[in-house]
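Some notes on the structure that comes next.
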Amino acid sequence: MTNGSGIRVVMDGSMDAYMAAADETLAELLVSDSVLVAALREYDSFFRTRLFTQGPAEPIALVLFMNAYQLFLAGARMALSGHCAAVFPLLRTALESAAYGGLIARNPALSEVWAGRHRGDAEKKACRKSFTFEKAISPLEDRAPDIHALAVLGYEGEIDYGAHPNIKGVFGHVSLNDQREDGCKAVTHTSLYGSAHIETIRGLCACLDFGFAIIGIIAPSGPTISDNLVDGLQSLNDAKNTAVAPYQSPNS
83 MTNGSGIRVV MDGSMDAYMA AADETLAELL VSDSVLVAAL REYDSFFRTR
133 LFTQGPAEPI ALVLFMNAYQ LFLAGARMAL SGHCAAVFPL LRTALESAAY
183 GGLIARNPAL SEVWAGRHRG DAEKKACRKS FTFEKAISPL EDRAPDIHAL
233 AVLGYEGEID YGAHPNIKGV FGHVSLNDQR EDGCKAVTHT SLYGSAHIET
283 IRGLCACLDF GFAIIGIIAP SGPTISDNLV DGLQSLNDAK NTAVAPYQSP
333 NS
C-alpha cells in the first residue's frame, strides 16, 4: 500500500508465517549441540530444583520470584525463536520481579504496600516510592557486588536493545537498500532471524547474562546461603562464561 507521502509499505507474510518461521528456528536450536542452549537448560534446572530450597517464607516474595522465572522462560522462548528484540522487555520485567521479590523478602511489611497499589492514588504513590529497581537491589552492592553490577548493566542495557523503543533497539533491525534498479530506496525492518544469525546469538547470550542476574538476585533472599547453593551458582557462572566466550569482543 502507498501512504500520502508516496511511500509504499509492503507487509509480506502473515501471523501464521511468522509463527511457522519462529517455530522452525526454535525446533532447530532445541535439537542442536549449541552450548548456549545447553546452558539455558542448566539455568532452567537450577531454577526448578535448587534455587527455592532455601527461599523466604513470605508468600508474595515467592510469587514474584516464580513470576520472574516464568518471564525468563518467555524470554528464552523468544530468543530461541530468533526474535531478539522481543527478548529484552521480558528479561527486564523478570529482573524487576526478582528484585521486588527480594525487597519484600527482606521487609515483609512491604507486601501490603505492593498488594495495595491499585486501591487509590495514595497507595499507588506509596508503592512507586517503595518499589524502585535501584532501591530493591541496593543490598547486593555489598553482599554480592558482581551480581549487583550485572543487574545494573542488564537493567540499563535492556532498555537500549529493545525494552524501550530507542534507536539502537529499533534501527539495529533496519537495513537500507539504495542500489535498486528502479531508483527507489528500500527500508527493511526484520523481526525474525535464523538459528545461526548473530541477532539470535545475541538474544540467547542476553538470556544467559541477565538470567544469571535474576538467579543471583533471588539466591540471597533466604535466611542463609548454603555452600551447595554457592557451588551451584559458580557452576552456572562457569557454564555461562564458557557458552558466551566465543561471541565476546576481546575487550569485554
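Residues 83 to 334, numbered by the numbering used here, are exactly what the sequence shown covers, in order. Don't be surprised by glycine CBs; every beta carbon is placed ideally from N, CA and C.
### Query
According to the Cβ coordinates, are Tyr329 and Thr107 closer than 9 Å?
In this structure, Tyr329 lies away from Thr107, with their beta-carbon atoms at least 9 Å apart.
### Chain-order list of residues whose beta-carbon lies under 8 Å from that of Gly198 (same chain, five-residue window excluded)
Cβ neighbours of Gly198 beyond the five flanking positions: Glu205, Ala208 and Cys209.
### Task
Quick one: grab the DSSP three-state call for Leu133.
In this structure, Leu133 counts as coil in the three-state DSSP scheme.
### Task
Please work out which residues of its chain come closer than 8 Å, Cβ to Cβ, to Leu177, disregarding the five sequence neighbours upstream and downstream, and give them in chain order.
Excluding sequence neighbours, Leu177 sits near Ala150, Phe215, Ala233, Gly236, Tyr237, Glu240, Phe292, Ala295, Ile296 and Ile299.
### Message
Under DSSP, the alpha helix (DSSP H) around His230 begins and ends at which residues?
### Response
In the DSSP assignment, His230 falls within the unbroken alpha helix (DSSP H) covering Pro227 to Glu240.
### Query
Between Leu162 and Leu118, what straight-line distance do the alpha-carbon atoms span, to the nearest angstrom?
For Leu162 and Leu118, the distance between alpha carbons rounds to 10 Å.
### Bridge partner(s) assigned by DSSP for Ser342
Residue 342 is absent from the structure shown; the chain starts at 83 and stops at 334.
### Query
Within 10 angstroms of its Cβ, does Val335 collect 16 or more other Cβ (buried), or is it exposed?
Because the chain is modelled from 83 through 334, residue 335 falls outside the range shown and cannot be assessed.
#### Entry: Euclidean distance between Cα positions of Asp98 and Ala104
Between Asp98 and Ala104, the C-alpha separation is close to 10 Å.
#### Entry: Pairwise C-alpha distance: Val256 and Asp126
Cα atoms of Asp126 and Val256: separation of roughly 33 Å, rounded to the nearest angstrom.
### Message
Using only the alpha-carbon positions, how far apart do Cys166 and Met160 sit?
### Response
The straight-line gap separating the alpha-carbon atoms of Cys166 and Met160 is approximately 7 Å.
### Residue nearest to Ile307 in terms of C-alpha spacing, selected from Ile219, Asp203, Arg225 and Asp260
The shortest Cα separation from Ile307 among Ile219, Asp203, Arg225 and Asp260 belongs to Arg225.
### Query
DSSP three-state call for Arg284: helix, strand or coil?
Arg284 falls in the helix class under three-state DSSP.
### Message
Can you list, in chain order, the residues of its chain with a C-beta nearer than 7 Å to that of Ile219? Leave out the 5 residues immediately preceding and following it.
### Response
Close CB contacts of Ile219 within its chain, under the 7 Å cut and outside five residues either way in sequence, are with Ala181, His230, Ala233 and Ile299 (chain order).
### Task
Spatial neighbours of Leu172 within its chain, please: CB distance less than 6 Å, with the 5 preceding and 5 following residues excluded, ordered by chain position.
Within the same chain, Leu153, Ala156 and Gly157 come within 6 Å of Leu172 by CB-CB distance, once the 5 residues on both sides are set aside.
### Query
What did DSSP end up calling Arg262 once you bin it into helix, strand or coil?
Looking at Arg262 - three-state DSSP - the assignment turns out to be coil, as it is neither helix nor strand.
### Task
State buried or exposed for Ile249, treating a residue as buried only when at least 16 other CB atoms are found within 10 Å of its CB.
Exposed, since its Cβ has fewer than 16 Cβ neighbours within 10 Å.
### Task
Give a yes or no on whether the C-beta atoms belonging to Ala143 and Ala321 are separated by under 9 Å.
With respect to the 9 Å criterion, Ala143 and Ala321 are not classified as neighbours on the basis of their beta carbons.
### Message
Buried or exposed, going by whether 16 or more other CB atoms sit within 10 Å of the CB of Cys266?
### Response
Flag for Cys266 reads exposed.
### Task
Tell me whether Glu281 is buried or exposed, calling it buried when 16 or more other Cβ atoms sit within 10 Å of its Cβ.
Residue burial annotation: Glu281 is buried, with at least 16 other C-beta atoms found within 10 angstroms of its C-beta.
### Message
Using 8 Å for Cβ pairs, my map puts Gly95 next to Ser277. What's the rounded Cβ distance?
### Response
Contact flag wrong, Cβ pair sits at about 19 Å.
### Task
Write down every uninterrupted run of the beta strand (DSSP E) in the region 113–177 whose length is 3 residues or greater and which is fully enclosed by it, in chain order.
Listed in chain order, there is nothing to give.
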